[in-house]
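Q: Chains as they are written, first to last, in our numbering: chain A, 350 to 559; chain B, 350 to 559. From the three backbone atoms N, C-alpha and C, an ideal C-beta is built for every residue, glycine too.
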DNA sequence: AATTAACTTGACCATTGGGTCAACTTGGCT
DNA sequence: AGCCAAGTTGACCCAATGGTCAAGTTAATT
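(1) Identify the residues that DSSP records as bridge partners of residue 487 of chain B: which are they?
(2) Who are the near neighbours of residue 361 of chain B in its chain, counting only those whose CB is closer than 8 Å to its CB and skipping five residues on each side?
(3) Determine the closest residue to residue 454 of chain B out of B:404, B:553, B:521, B:537, with distance taken between C-alpha atoms.
(4) Below 7 Å between beta carbons is the criterion; list the residues of the segment 535–547 of chain A that meet it against any residue of chain B, in chain order.
(5) So the candidates are B:427, B:478, B:370; which of them puts its Cα closest to the Cα of residue 508 of chain B?
(6) Taking CB distances under 8 Å as the criterion, tell me whether residue 521 of chain B reaches chain A.
(7) Does the pairing of the segment 404–416 of chain B with the segment 507–522 of chain A give three or more beta-carbon distances under 8 Å?
(8) Pick from A:521, A:475, A:478, A:373: whose alpha carbon is nearest that of residue 335 of chain A?
(9) Going by C-alpha to C-alpha distance, which of A:515, A:473, A:525 sits closest to residue 535 of chain B?
(10) Measure the C-alpha to C-alpha separation of residue 470 of chain B and residue 500 of chain A and round it to an integer number of angstroms.
(11) Would residue 551 of chain A pass as an interface residue toward chain B - the criterion being a Cβ-Cβ separation below 8 Å?
(12) Between residue 555 of chain B and residue 505 of chain B, is the Cβ-Cβ spacing less than 8 Å?
(13) Quick check: the segment 515–534 of chain A against the segment 460–470 of chain A, are there 3 or more CB pairs under 8 Å?
(14) In terms of residues, what are the limits of the alpha helix (DSSP H) holding residue 389 of chain A?
(15) So that I know if they touch, is there some Cβ in chain B lying closer than 8 Å to that of residue 527 of chain A?
(16) CA-CA distance, residue 354 of chain B and residue 378 of chain B?
(17) At least one CB of chain B closer than 8 Å to the CB of residue 372 of chain A: is that the case?
(18) From residue 477 of chain B to residue 358 of chain B, what distance separates their C-alpha atoms?
(19) Quick check: the Cα distance between residue 549 of chain A and residue 497 of chain A, rounded to an integer number of angstroms?
(20) Could you please tell me which residues of the segment 496–509 of chain B, in chain order, have their CB closer than 8 Å to any CB of chain A?
(21) Can you say whether residue 456 of chain B is buried or exposed, counting buried as having 16 or more other CB atoms within 10 angstroms of its CB?
(22) Whole angstroms is fine: what's the gap from residue 473 of chain B's alpha carbon to residue 445 of chain B's?
(23) The alpha helix (DSSP H) that contains residue 435 of chain B, what's its start and end?
(24) In chain order, what residues of the same chain lie with their CB nearer than 6 Å to the CB of residue 489 of chain B, ignoring the 5 residues before and after it?
(25) Around the C-beta of residue 424 of chain B, are 16 or more other C-beta atoms found within 10 angstroms, so that it is buried, or is it exposed?
(26) Quick check on DSSP: helix, strand or coil for residue 501 of chain B?
The following block contains the structure:
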């Protein structure tokens with residue numbers, strides 16, 4: 350790769366990192382090129398598709414933060430505290446970084462590292478959920494798919510409120526957490542759990558991914 | 350008004366009613382004209398703006414259903430049952446009718462009847478909430494603004510899942526309701542309640558209204 | 001310094017959305 | 001029947017956005 354191409358790729362990665370973090374993974378590619386001070390033709394040239402760019406730019410940053418939250422949650426002595434910490438922290442990450450929220454939606458099948466990452470986060474969530482259920486504090490009818498929907502919805506709420514009400518989502522989460530304790534459960538749930546396939550499709554429409 | 354204009358207005362109202370109900374209040378005006386079998390120029394001619402059309406088409410249908418749900422909720426002997434019924438039913442309406450969901454977002458300031466309607470729904474919600482709080486079953490820190498955010502988020506979830514998982518939102522609501530009972534409350538909420546102004550802005554961004 | 005392959009550019013294509021308006025068509029009155 | 005205002009039409013404008021490519025530029029090698 351020629352030196353100028355390398356330089357441009359760097360500028361594009363930097364611009365993309367900024368814009369992804371500010372406005373999510375769907376920012377117009379032309380705008381990324383604009384901020385990088387480069388023609389959009391060059392962007393297509395060097396990366397080919399949005400997903401390649403995402404994969405190069407977003408994966409590492411997101412991975413560290415997600416793994417760390419999961420690790421800390423599993424390290425809590427109290428399983429419920431770990432679970433509550435996990436929910437709150439992931440929602441906080443989503444609120445402050447729309448790119449990370451989009452990563453968790455798992456809607457970029459072409460971005461391999463991203464999907465790996467999303468899968469790892471999903472596994473961690475399952476472990477955290479099951480641990481809390483084993484200790485009897487988290488209601489047994491709550492599933493990883495329920496969590497995914499929650500994350501998806503809160504991500505939108507947090508993004509919508511970023512300017513006007515940046516912490517509004519915290520109240521919603523607090524209400525929800527109180528309803529997730531075993532002793533809060535009142536009735537059997539009205540419908541059965543969703544399947545991973547359903548989660549995939551719903552989050553797709555929720556985030557407007559084609 | 351000339352007879353052919355009257356006829357076209359009728360066709361446009363009918364097409365708009367269909368499309369609003371299927372896909373929400375933001376459907377392209379040109380598509381409404383297309384379905385009505387009329388040029389989009391005529392639509393602009395007869396209605397001038399999207400909001401005029403909305404006001405003529407959506408208000409009455411939505412009003413009846415909203416009022417009825419509120420009335421029934423307030424008529425329940427058990428205040429909690431009324432509250433739970435209200436939440437579930439409004440979410441169900443939003444799930445089956447995106448237009449109604451958009452009405453509740455209160456984001457069409459130019460549509461007077463719609464805004465009146467939205468205000469009336471909001472008043473009813475307040476009464477239902479306060480009644481349940483007076484009987485001690487609904488936690489006292491839950492506000493009408495919290496309810497508005499809930500409705501906004503569930504509306505999106507329900508719309509996103511309309512095809513793939515049409516009832517997925519019911520589980521989320523069930524968890525939330527369990528967390529809204531007085532005895533479920535564990536800690537003080539992490540942040541204070543939102544203001545109506547904040548609700549307005551957040552729902553605007555949530556629904557993508559400019 | 002000359003050559004050439006790699007790279008960049010911006011004009012161009014298409015699509016989708018809101019919105020306008022001159023030119024045509026037609027309802028309804030005399 | 002004939003006229004004209006009322007009404008309709010679709011071509012046209014704009015701004016975004018995704019995407020392609022011929023022509024021009026430049027880095028690196030000989």
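A: Working from what's here:
(1) Mapped onto the second chain, residue 487 of chain B falls at position 138. According to DSSP, which records beta bridges pairwise, residue 487 of chain B is partnered with B:530.
(2) Here residue 361 of chain B refers to the residue found at position 12 of the second chain. Closer than 8 Å at the Cβ level, and outside the excluded window around residue 361 of chain B, lie 381, 382, 385, 387, 391, 392, 395, 396, 402.
(3) Your numbering for residue 454 of chain B matches position 105 in the second chain. Taking only the C-alpha atoms, the option nearest residue 454 of chain B is B:553.
(4) The segment 535–547 of chain A vs chain B, Cβ under 7 Å: 535, 538, 539, 540, 543, 547.
(5) Sequence index remark: in the second chain, residue 508 of chain B carries index 159 (1-based). That would be B:370, whose Cα lies nearest to the Cα of residue 508 of chain B.
(6) Translated into the one-based positions of the second chain, residue 521 of chain B becomes position 172. So yes, residue 521 of chain B belongs to the interface.
(7) no
(8) Any property of residue 335 of chain A remains undetermined from this structure, which presents chain A solely from 350 to 559.
(9) Against the second chain, residue 535 of chain B aligns to sequence position 186. That would be A:525, whose Cα lies nearest to the Cα of residue 535 of chain B.
(10) On the second chain, position 121 is the one that residue 470 of chain B refers to. On the first chain, position 151 is the one that residue 500 of chain A refers to. Between residue 470 of chain B and residue 500 of chain A, the C-alpha separation is close to 28 Å.
(11) Reading the first chain from its first residue, position 202 is the one you call residue 551 of chain A. With 8 Å as the cut-off, residue 551 of chain A counts as an interface residue toward chain B.
(12) On the second chain, residue 555 of chain B is found 206 positions in, with the first residue counted as 1. On the second chain, residue 505 of chain B is found 156 positions in, with the first residue counted as 1. Going by C-beta atoms, residue 555 of chain B is nearer than 8 Å to residue 505 of chain B.
(13) no
(14) Position 40 of the first chain, counted from the start, is the residue given in the question as residue 389 of chain A. Note, residue 389 of chain A: alpha helix (DSSP H), 389–396.
(15) The count along the first chain starts at 1 and reaches residue 527 of chain A at position 178. Interface residue, yes.
(16) One-based indexing of the second chain puts residue 354 of chain B at position 5. One-based indexing of the second chain puts residue 378 of chain B at position 29. One C-alpha to the other measures close to 18 Å.
(17) Taking the first chain and counting its residues from 1, the one referred to as residue 372 of chain A is at position 23. No, residue 372 of chain A lies away from the interface with chain B (no Cβ there is under 8 Å from its Cβ).
(18) Along the second chain, read from residue 1 onward, the residue named residue 477 of chain B stands at position 128. Along the second chain, read from residue 1 onward, the residue named residue 358 of chain B stands at position 9. Taking the straight line joining both Cα atoms gives about 39 Å.
(19) Stepping through the first chain from its first residue, residue 549 of chain A is reached at position 200. Stepping through the first chain from its first residue, residue 497 of chain A is reached at position 148. Taking the straight line joining both Cα atoms gives about 9 Å.
(20) 498, 499, 501, 502, 503, 505, 506, 508, 509
(21) Within the second chain, residue 456 of chain B is the residue found at index 107, counting from 1. Burial call: buried.
(22) The count along the second chain starts at 1 and reaches residue 473 of chain B at position 124. The count along the second chain starts at 1 and reaches residue 445 of chain B at position 96. Their Cα atoms are separated by approximately 21 Å.
(23) Numbered from its first residue, the second chain carries residue 435 of chain B at position 86. Per DSSP, residue 435 of chain B belongs to the alpha helix (DSSP H) from 428–445.
(24) To locate residue 489 of chain B, count along the second chain from 1; it is residue 140. Within the same chain, residue 489 of chain B has close Cβ partners 482.
(25) Taking the second chain and counting its residues from 1, the one referred to as residue 424 of chain B is at position 75. Counting Cβ neighbours within 10 Å, residue 424 of chain B comes out exposed, since fewer than 16 surround it.
(26) The residue labelled residue 501 of chain B in the question sits at position 152 within the second chain. Of the three classes helix, strand and coil, the one that applies to residue 501 of chain B here is helix, per DSSP.
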